[in-house]
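Quick note on numbering: this note's numbering labels position 84 of the sequence shown as 727, and the sequence is numbered without any gaps. Glycine residues also receive a C-beta, built at the ideal position from the N, C-alpha and C atoms. Only a predicted model underlies this, so the values are computations on that prediction, with no experimental measurement involved. Heads up: the structure comes next, in structure tokens.
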Amino acid sequence: MWLQPEIHRYIMATAFVVTGLLHFIRPQVFVKIMPDYIPWHLAMVYGSGVAELMGAIGILFQETRLWAGGGLILLLIAVFPANINMTIEAIEKTGYSSWYSIITIARLPLQFVLIYWVYWACLR
């Protein structure tokens, strides 16, 4: 039962809806982790929130699943620099051994797991 892609798509859609909405409810959380070299922080946060919401809805329908899944993979790749920046800042502020730094370091490979999960549930 747990290996059925449909179940994973519903779980995934729920996760992307929650995080997509958080981009609008608490945008500063996302703005503050963005690298300085990326312009228009707030606009980028809102844009990625829209992309997450559209992707979440799109993966639920067979007609849009391939495009939505591909878009979510591209989004997960595009936001990776913010995850790296968050990790660098955590280490600079709290050192390697703080819980926050450990969590942000562990979060980096998780991005690749998420990319594969979207691929597995939506594109293969």
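{"Item": "Element boundaries [alpha helix (DSSP H), containing I731]", "Value": "723-737"}
{"Item": "Reduced DSSP category for M687 - H, G, I as helix; E, B as strand; rest coil", "Value": "helix"}
{"Item": "Contact under 8 Å by Cβ, H666 with E695", "Value": "yes"}
{"Item": "N728 versus V672 - alpha carbon distance", "Value": "13 Å"}
{"Item": "Local Cβ density within 10 Å of W760, reported as buried at 16 or more and exposed below that", "Value": "buried"}
{"Item": "Span of the alpha helix (DSSP H), counted from its first residue to its last, around I676", "Value": "Unbroken run through I676: none, as it is neither H nor E."}
{"Item": "Segment limits, alpha helix (DSSP H) that includes Y762", "Value": "First-last for Y762: undefined, no H or E at that position."}
{"Item": "Close-in-space but distant-in-sequence residues of the same chain around Y653 (CB under 8 Å, 5 per side omitted)", "Value": "L703"}
{"Item": "Segment limits, alpha helix (DSSP H) that includes R652", "Value": "648-668"}
{"Item": "Cβ neighbour criterion (16 or more within 10 Å) applied to G738", "Value": "exposed"}
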